[in-house]
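Protein chains in written order, with our numbering: chain A, 43 to 243; chain B, 43 to 243.
For every residue, glycine included, the Cβ atom is placed at its ideal position computed from N, Cα and C.
Just so we're clear, the structure is a prediction, and the values are computed from it rather than from any experiment.
Number of protein chains: 2
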Amino acid sequence: MVKKYRPMETSLIIKNVSKHISLNPSEIKYFTSLLEHQKFDRKEFLVKKGEVASHTNFITHGCLRNYHMDEEGVIHITQFAIEDWWISDLASFLTQEPSECFVDAIEETEVLRLSRTNYERLFEKVPKFERFFRIIHQNAFIAQNRRILDSISLKAEARYNAFLQRYPAMNQRIPQKQIASYLGVTPEFLSILRSKKVTKS
Amino acid sequence: MVKKYRPMETSLIIKNVSKHISLNPSEIKYFTSLLEHQKFDRKEFLVKKGEVASHTNFITHGCLRNYHMDEEGVIHITQFAIEDWWISDLASFLTQEPSECFVDAIEETEVLRLSRTNYERLFEKVPKFERFFRIIHQNAFIAQNRRILDSISLKAEARYNAFLQRYPAMNQRIPQKQIASYLGVTPEFLSILRSKKVTKS
DNA sequence: CGAAAATTTGACATGACTCAACTGGAGTGG
DNA sequence: CCACTCCAGTTGAGTCATGTCAAATTTTCG
């Protein structure tokens, strides 16, 4: 299932980390030594319900989603992520308790994975990474906050517009059915909203 | 506006902190020396939109809410908090950027406040508090996650039931109008849901 | 190319909102 | 303590938003 391919390409992740903290060459070397490069086919799982999320994942290429499945087997997508994003089941990764959800690949995707063990080693050796992940988690928290506000204050059409504005890149690559699931509406209804939009403009 | 009353009662907050980390007497003494005891009347503000959230607040008595106001002046409540909870505008408190929202008192409320400056001092002197606040913020993140899932997967009635089950204490003290705002439905509609419930049981 | 899945469309059903009227309790000033 | 106001809560009629189901069409992937 899990493949390791060509040499690790780390420039994107270093750029990502450098947005928030400064690293010297030896720190960069140590950090990248802790990463594992892996490739996932469409529909392959990174996290499954009932298992502990062992890694946090930085996407170098592709697209992943995080979703829950209800009693009737319906999928509810709580997060999408593309290149230059970190994704995991944060709740499980941080608490090391079994996950309530699934993370799988929407496209063929390559990630750099950092295991929970290496995550802790990293903090010990290069404490400024604590700051880095604090900021990453803070930003995730703030994004969630905004989404909750949207969900209680906006109608479906406005939520869709907000999604398009925030994540223009995703609209191109994610099937509408899945965007509908993320927004909490049926695919049929999202289709109607879209057709309204076309005739308007 | 802001009142300081009788001697500080710290047993509740010490119990709260001790759920996650162990403190010795001198650490307790230092921690409590950083806190400010304050009392707020109903409708008094702890945080206002446009101002930076200077403190994080531990509630020893009473009830607060966090809300946004949209262009039409409608209030959307994103959080309630009662005794033994921490509340602030976390986004503003952590980033020290102006707040997008308001925090005010639903009842007469007493809090122990920790300023951003003292928050940092505390980490320097007693580093295990980093762990404490990491866990507190983690829990807030996980709670938000659940709420997002509810909002995309459940109808209003089920969201209301989930709210009652999770926060039974709040149902007693928070006006229904405000619970409706929190759930993202109109007060009229919540009233209908409640009456359905009564006839059922 | 062919099967499977995504998207669209339409008819109909249900969920949820709006507005207005009414009720009752909580706070206020005399 | 009373009279008054104000606001939360309830109720009902009408409307709009969104869901369900089924069928037709298009796209995607193997």
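The alpha-carbon of Thr98(B) is positioned some 11 angstroms away from that of Ala133(B). Tyr224(B) has a beta carbon lying within less than 9 angstroms of a beta carbon in chain A.
Under the DSSP assignment, Leu54(A) falls in the alpha helix (DSSP H) whose first and last residues are Ser53 to Ser60.
Here DSSP, grouped into helix, strand and coil, assigns Ile178(A) to helix. Between the alpha carbons of Ser96(A) and Leu156(B) lies a gap of roughly 35 angstroms. In the three-state DSSP reduction, Met111(B) falls in the strand class (E or B). Residues of chain A whose Cβ lies closer than 9 angstroms to the Cβ of Leu132(B) are, in chain order, Gln180, Phe183, Ile184 and Asn187. Annotated as proximal: Glu125(B) and Ile101(B), with beta-carbon spacing under 9 angstroms. The beta carbon of Ser195(B) sits closer than 9 angstroms to some beta carbon of chain A. Restricted to the segment 132 to 156 of chain B, the beta strand (DSSP E) segments that are unbroken, complete and at least 3 residues in length are 144 to 147, listed in chain order. For Glu78(B), the three-state secondary structure derived from DSSP is strand. In this chain, the alpha helix (DSSP H) harbouring Ala211(A) covers Pro210 to Arg215.
Secondary structure of Ile117(A) (DSSP, three-state): strand. Per DSSP, reduced to three states, the secondary structure at Ile190(A) is helical. Near chain B, meaning a CB-to-CB distance below 8 angstroms, no residue of the segment 50 to 71 of chain A qualifies.
The C-alpha of Met50(B) lies about 6 angstroms from the C-alpha of His79(B). Put simply, of Leu164(A), Ile148(A), Leu76(A) and Phe144(A) the residue whose alpha carbon is nearest the alpha carbon of Ile216(A) is Ile148(A). Between the segment 209 to 225 of chain A and the segment 211 to 227 of chain B there are fewer than three inter-stretch CB-CB distances shorter than 8 angstroms, so the stretches are not counted as touching. Distance between Glu162(B) and Thr74(A), taken at the CA atoms: about 30 angstroms. The criterion of a C-beta distance shorter than 9 angstroms is not satisfied by Ile70(B) and Arg173(B).
Two segments are said to touch when three or more pairs of C-beta atoms, one from each, lie closer than 8 angstroms; by this definition the segment 193 to 201 of chain B does not touch the segment 134 to 145 of chain B. Sixteen is the threshold: since fewer than 16 other Cβ atoms of the shown chains lie within 10 Å of the Cβ of Leu206(A), the residue is exposed.
In terms of CA proximity to Asp112(B), Lys91(B) leads the group Leu106(B), Ala123(B), Lys91(B) and Gly104(B). When DSSP states are grouped into helix, strand and coil, Thr159(A) belongs to the helix group. Between Thr120(A) and Asn187(B), the gap from beta carbon to beta carbon is short of 9 angstroms. Between the beta-carbon of Arg107(B) and that of Asp131(B) there is about 12 angstroms, and that puts the pair past the 8 angstroms contact cut. Residue nearest to Ala211(A) within the set Ile117(A), Gly104(A) and Leu225(A) is Gly104(A) (criterion: CA-CA distance).
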